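I have placed the structure first, in the form of structure tokens, so that the comments after it can refer back to it.
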Amino acid sequence: MVAADPSRYHPSAIEAHWQHIWEREGLYRTPPPRPGERTFYALSMFPYPSGSLHMGHVRNYVITDVIARMQRLKGAAVLHPMGWDAFGLPAENAAIERGVDPADWTEANIRSMRDQLRSLGLSIDWDREVTTCHPDYYRWTQSLFLRLFARGLAYRKEAAVNWDPVDQTVLANEQVDAAGRSWRSGAQVERRLLRQWFLGITRYADGLLDDLERLQGWPERVRTMQANWIGRSRGAEIRFPLALPAEAGISVFTTRPDTLFGVTYLVLAPEHPMVDSLTSTDQAGAVEAFRAEMARSSARERTAEDRPKRGVALGGSVVHPLTRQAVPVWIADYVLPEYGTGAVMGVPAHDARDFAFASSHGLPVRVVISEDGQALADPPDGAYVGPGVLINSMGFDGVASAAAGPLITAALSAAGLGAEKVQYRLRDWLISRQRYWGCPIPIIHCQDCGAVPVPEEQLPVLLPRGVEIRARGGSPLASLEHWAAVDCPCCGKAARRETDTMDTFMCSSWYFLRYTDPRNSDSAFSSEAVNRWMGVDQYVGGVEHAILHLLYSRFLTRFLADQNLLQVREPFDRLLTQGMVQAITYRNPATRRYIAPAAVKDPTDPRDPETGEPLDTFFEKMSKSKHNGIDPNSVIERYGADTARMFILFKAPPEKDLEWDDADVEGQFRFLQRLWRQIDAFAAAGGRLDGQREDLAGIPARTLSPLDRDIRRATHVAIKEISQDLEDAYQFNTAVAELMKFSNALADLGKAQPAVQQEAVATLLILLAPFAPHLSEELWHRLHGPGSVHSQRWPSLDQDALSQDTIPLVIQVRGRTRGTIQVPGNADRATLESLALASDLAGKWLQGARPRRVIVVPGRLVNLVP
RNA sequence: GGGGGCAUGGCGGAAUCGGUAGACGCAGCGGACUUAAAAUCCGCAGGCCCAUAAGGGCUGUAAGGGUUCAAGUCCCUUUGCCCCCA
């Protein structure tokens, strides 16, 4: 308890006080769950330690904290940890720009962010903190890599990769945006051929796709996004031989084998190995020039749909597998080497992209499907992609297109020129990064033995300290001879370490497993601990991780389950994707410059402080460039963490975007002050929460005075509504509204009998505890409540307390509401009908007519239909 | 282009299985307290219309249509916005 000025609410005084006490007493240390005890794993996506907490973090962690606190009150053993996604480029960029050591920079950021997190009053067990850049963590990331390597799921291959010329590193496809720019540096990404490490996620594609259906606790749209990303399509692989009956040829994948007879050309990726042998001498120059140009542009650029499809004929041709006619071969920008077989068959009549390509290059269009089976009189003016009946297709004419695919595939199969095939959009996961500040890949390259794993007992392969990091020139580790030079663990000869580090998504794809057993030095986690806590009951984070982080985590969880290292195959049972925190933004429409809100004098008529021009206003995600960021520290300093928490929860439902509004923050602060005064008045009148409390549940509601009964009803309505709001869909906004209603209903609290007062106040403080943990704890102690408010039991609902002698009944006439009458709360249908018919409202609106039909909804309404 | 979602007062948002639309809050207005202001407390409040008033009527959930005793909620069409994939 804090002494100063007891009648006023001073959050700054009480919050630090209670944070200190909770920590000292270990209130939030995860209890070892007893046998049979219900466990609950509440997890927030751990942050990158950038050094400053922003409002998006606050929203994320407050949501998870409310859930964790509520589960504790409901008697569960709760795991609610926090950690740091601590490898990554910003630390390295800081090293380049300011010469600081990435490790020092990261540690300092973690310290300051940890302090900021503490000031929010989160019920986190800090003893379980996990930091991915610490050797005692990344030792196990390396071990995980070696497990994958041992099963052939980590492998090296030469690949055309996305090269970021600014950050001097390779990027995964997912890290390149639609405009072909790096997600981090914003640079135009180039394509290069490099030998890189990959993880075989495609081997798990079917399982990852099929099990999405079972993730009923995930938002539909996240599951859809993952399904699209995996992109399974069924079709056929078809071989176009160079000549018959020759063996060799070009294989294509198509989802439309039914259009095979419409093929008028073939297109290869410029990088396809067959390009040289199919290029005629007179086309050699044009082909070479085109390939050189393609090497400079990214995959996204090449396939962008709004630009013309460019290509060059090679001069050579292949043979159609069924018609045996010659098919000319082209190369074009829109075919990518790593996609399918790197070659597609061109069917301009039935594919929009092929039609566009054929039109601009004068290639013939051959219609083989028509809606009614009749041949078309005129050449089509666009591709027909719908179903129909085959024409011009040799023996397949008249067959429905849906049935034709398997028939044609079977014919090809018989000829040894094709087979059914399932194709995925998902690629294997490229994890090599030519950077310093990441987890070293524990591999040694030996002239004789090849890629040799570092023996498990030699892990971790420590990241060397004191390394000079330059802006350009690839991996800093590669030039570190004393580090890279080692003996081969197999043959003992001089060998060289792998100098690439891992994609940080690798580190963040298993951290939730480490939390269950964070200090284990013998293994990544014990099976006992991991199986006791996994899967995560509630995962909370931003929707920006809907694809990558969540898919990678699912993949590694499945892999470890296959290794019998854990029992669950899916890591996250329920997922909540919280909306962005937005703030008001001002922009001068003429200059397109953003104006800081502080510089705008009159928000009702916002004008440019320099020119006086009127400004556009809208809500956008907080960011430095838009000058609209709100610093959580300043909000906490001014109003306290409890107000910030309440505001964020109340202002919008958790999955929707939230518009920051200072006036609403103020309003929330006022509510907490009002609550404080309310409880203070109760205390001043001698109210306490210690000692034996009378059990009101046994006393029938009708024996209480009307006021006692009203207050009890408000108490139990609050229990019912708030429990419901926190049960299935997390509706924190309406839960806070119910707390306000409850408080408003206690205006005459002091006139109620002591037992009713005590029940109301204790209930109010316990229901409030997950939302405003400091305020509720302080008031609980002022009233001499036993122990901590956070160690109480969630109040249980007394149905009888909700009962009312009379309730309003809506009278409708012909479905239109005409008013209400008071009826006994327990009246049956017949009584309700006769009361409704006898009412003044019925008399007025029916004017003596007898209703033809009467609909009675007990407890709600009676509808009279004349 | 394909897939998914959303649209409710001046604003953020409520509304269980179709059953009094606008809970709760912000902003606003009126009153009390005060020398005054702030703070606090009490009250009003979707729109339009009638009435001196008490009160009453009509209308209203992007637009249009449908199902139903009853539609913000279900179905169809249109428009606008957002997200994902191309």
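Following our numbering, the numbering of the first sequence begins with 19 at its first residue and continues without gaps.
Where is the CB? At the ideal position from N, CA and C, for every residue including glycine.
Since we're looking at a predicted model, the values are computed, not measured.
Using three-state DSSP, classify His802 as helix, strand or coil.
-> As a first step, residue 802 is located in the first sequence; it is residue number 784 there, counting from the start. Coil.
Proximal residues to Pro826 (C-beta, below 7 Å), its chain only, five neighbours per side dropped = For the purposes of this step, residue 826 is identified with residue 808 of the first sequence, where counting begins at 1. Excluding residues within five positions, the ones whose Cβ falls inside 7 Å are Thr838 and Gln840.
6 Å Cβ shell around Glu739 - same chain, five flanking residues per side excluded = Numbered from its first residue, the first sequence carries residue 739 at position 721. Here the set comprises Glu756.
Taking Ile461 as the reference, give the member of Ala104, Val479 and Gln775 with the closest Cα.
-> Within the first sequence, residue 461 is the residue found at index 443, counting from 1. The residue with the shortest Cα to Cα distance from Ile461 is Val479.
Residue nearest to Ala86 in terms of C-alpha spacing, selected from Arg576, Glu745, Ser571 and Gln452 | Translated into positions along the first sequence, residue 86 becomes position 68. The residue with the shortest Cα to Cα distance from Ala86 is Glu745.
Alpha carbon to alpha carbon, how far is Ala112 from Glu323? Give it in angstroms, no decimals.
-> Your numbering for residue 323 matches position 305 in the first sequence. Your numbering for residue 112 matches position 94 in the first sequence. Here Glu323 scores only 49 on pLDDT, less than 50, and its place in the model should not be relied on; the value that follows carries that caveat. Glu323 and Ala112: Cα-Cα distance of roughly 38 Å.
What number of angstroms, rounded off, separates the C-alpha of Ser539 from the C-alpha of Asp154?
-> Within the first sequence, numbered from 1, the residue matching residue 539 stands at position 521. Within the first sequence, numbered from 1, the residue matching residue 154 stands at position 136. Each residue's alpha carbon lies about 7 Å from the other.
How should Leu286 be labelled, buried or exposed, when 16 other C-beta atoms within 10 angstroms of its C-beta is the threshold for buried?
-> For this step, residue 286 is matched to residue 268 along the first sequence. So Leu286 ends up on the buried side.
Which residues does DSSP pair with Ala350 in a beta bridge?
-> Translated into positions along the first sequence, residue 350 becomes position 332. Looking at the DSSP assignment, Ala350 forms a beta bridge with Gly329.
Counted within 10 angstroms of its Cβ, other Cβ atoms place Lys439 as buried (16 or more) or exposed | Taking the first residue of the first sequence as position 1, residue 439 is located at position 421. With 16 or more other Cβ atoms within 10 Å, it is buried.
Output the distance between the C-alpha atoms of Pro884 and Gly833, rounded to the nearest integer angstrom.
-> Stepping through the first sequence from its first residue, residue 884 is reached at position 866. Stepping through the first sequence from its first residue, residue 833 is reached at position 815. Pro884 and Gly833: Cα-Cα distance of roughly 10 Å.
Please determine if the region 706-713 and the region 770-788 are in contact, where contact requires at least 3 C-beta pairs separated by less than 8 Å.
-> yes
For Met520, which residues does DSSP report across the bridge?
-> Translated into the one-based positions of the first sequence, residue 520 becomes position 502. Met520 pairs with Ser450.
Among Val353, Tyr352 and Val337, which residue has its Cα nearest to the Cα of Pro901?
-> Residue 901 is absent from the structure shown; the chain starts at 19 and stops at 884.
What are the start and end residues of the alpha helix (DSSP H) that includes Pro153?
-> As a first step, residue 153 must be located in the first sequence, where it is residue number 135. First-last of the alpha helix (DSSP H) with Pro153: Pro153 to Ala168.
Under the three-state reduction of DSSP, which class applies to Asn881: helix, strand or coil?
-> Locating residue 881 in the first sequence gives position 863, counting from the first residue. If DSSP states are grouped into helix, strand and coil, Asn881 belongs with the strands.
By a C-beta neighbour count over all protein chains shown, 10 Å radius and 16 as the cutoff for buried, is Met412 buried or exposed?
-> Within the first sequence, the letter at position 394 stands for residue 412. That one is exposed.
Cβ contact (3+ pairs, closer than 8 Å) linking the region 489-508 and the region 556-576 | no
Beta-carbon contacts of Leu633 that lie in its chain and below 8 Å, excluding the five residues immediately before and after = By one-based count along the first sequence, residue 633 stands at place 615. Closer than 8 Å at Cβ, skipping near neighbours: Tyr604, Arg605, Asn606, Pro607, Ile613, Val618, Pro624, Arg625 and Asp626.
Outcome for Gln596 when other beta-carbon atoms lying within 10 angstroms are tallied against a minimum of 16 = Here the question's residue 596 lines up with position 578 in the first sequence. Per the 10 Å Cβ criterion, buried.
In its own chain, which residues sit with a C-beta less than 7 Å from the C-beta of Ala172, not counting the 5 before and 5 after it?
-> Residue numbering aside, residue 172 sits at position 154 when the first sequence is read from its first letter. The answer, listed in chain order, is Phe163, Leu166, Trp215 and Leu217.
Through-space distance from Asp818 to Ala867, alpha-carbon basis | Taking the first residue of the first sequence as position 1, residue 867 is located at position 849. Taking the first residue of the first sequence as position 1, residue 818 is located at position 800. Each residue's alpha carbon lies about 40 Å from the other.
Using a threshold of 8 Å, state whether the C-beta atoms of Gly17 and Tyr557 are closer than that.
-> Lying before the first or after the last residue shown, residue 17 is absent from the chain, which here runs from 19 to 884.
Are the region 443-451 and the region 518-533 touching, with three or more C-beta to C-beta distances below 8 Å?
-> yes
With 16 other CB atoms within 10 Å as the buried threshold, where does Ile873 fall?
-> Your numbering for residue 873 matches position 855 in the first sequence. Counting other Cβ atoms within 10 Å of its Cβ, Ile873 stays below 16 and is therefore classed as exposed.
Going by Cα to Cα distance, which pick from Asp294, Leu278, Val76 and Gly400 is closest to Asn410?
-> In the first sequence, residue 410 corresponds to position 392, counting from 1. Out of Asp294, Leu278, Val76 and Gly400, Leu278 has the C-alpha closest to the C-alpha of Asn410.
Which whole-angstrom value describes the C-beta separation of Ala703 and Gly768, a residue pair presumed to lie in contact below a C-beta threshold of 8 Å?
-> Residue numbering aside, residue 703 sits at position 685 when the first sequence is read from its first letter. Residue numbering aside, residue 768 sits at position 750 when the first sequence is read from its first letter. Contact holds; Cβ gap of about 6 Å.
In whole angstroms, what separates the C-alpha of Leu354 from that of Gly360?
-> On the first sequence, position 336 is the one that residue 354 refers to. On the first sequence, position 342 is the one that residue 360 refers to. Looking at the two C-alpha atoms, the distance is approximately 6 Å.
Would you kindly work out how many angstroms separate the C-alpha atoms of Val548 and Ile459, rounded to a whole number?
-> Mapped onto the first sequence, residue 548 falls at position 530. Mapped onto the first sequence, residue 459 falls at position 441. Distance between the alpha carbons of Val548 and Ile459: 25 Å.
Whole-number beta carbon distance between Pro288 and Phe308, since they are thought to touch under 8 Å = One-based indexing of the first sequence puts residue 308 at position 290. One-based indexing of the first sequence puts residue 288 at position 270. Yes, they are in contact, since the Cβ atoms of Phe308 and Pro288 sit about 6 Å apart, within 8 Å.
Starting from the N-terminal side, write out each stretch of the alpha helix (DSSP H) that is 4 residues or longer and does not extend beyond the region 749-804.
-> Taken in chain order, the complete alpha helix (DSSP H) segments of 4 residues or longer contained in the region 749-804 are 750-762, 772-786 and 791-800.
Proximity of Pro366 and Phe258 at Cβ, strictly below 8 Å | Position 348 of the first sequence, counted from the first residue, corresponds to residue 366. Position 240 of the first sequence, counted from the first residue, corresponds to residue 258. Note that the C-beta distance between Pro366 and Phe258 is not below 8 Å.
So is Phe373 buried or exposed if we call it buried at 16+ other beta carbons inside 10 Å?
-> Within the first sequence, the letter at position 355 stands for residue 373. Under the 10 Å beta carbon count, Phe373 is surrounded by 16 or more other beta carbons and is classified as buried.
Using only alpha-carbon positions, find the residue among Ile487, Cys508 and Arg514 that is nearest to Glu499.
-> Position 481 of the first sequence, counting from 1, holds the residue named residue 499. Of the listed residues, the one whose Cα sits closest to Glu499 is Arg514.
Per DSSP, which residues does Cys464 bridge with? Please list them.
-> As a position in the first sequence, residue 464 is number 446, starting the count at 1. For Cys464, which the question treats as bridged, DSSP gives the partners Gly468.
Can you pull the DSSP bridge partners for Asp182?
-> Counting from 1 along the first sequence, the entry for residue 182 is found at position 164. Beta-bridge pairing links Asp182 to Thr187.
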